[in-house]
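Everything on this sheet refers to the single structure shown next.
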Amino acid sequence: MLDKSELGRRVKAERLARDMTLKQVADAADMSPTHISEIERGRT
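Heads up: the sequence shown begins at 3 in this note's numbering, then just goes up one per residue.
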């Protein structure tokens, strides 16, 4: 099972590999860019 930090690292790595912005990922996931950022930092 992944902890929050590892999940965040993977989300960010995948976003960067796809050359996507936080806003693009947030729109695709129906979330705010702030929430995606929090996930990437392992805070939520």
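We put the CB at the ideal spot given by N, CA and C, even for glycine. Every value quoted in this text rests on a predicted model; they were computed, and no experiment measured them.
- L18 places its beta carbon 8 Å or farther from that of I38.
- In the three-state DSSP reduction, T46 falls in the coil class, being neither helix nor strand.
- At a Cβ-Cβ threshold of 8 Å, K14 and E40 do not count as neighbours.
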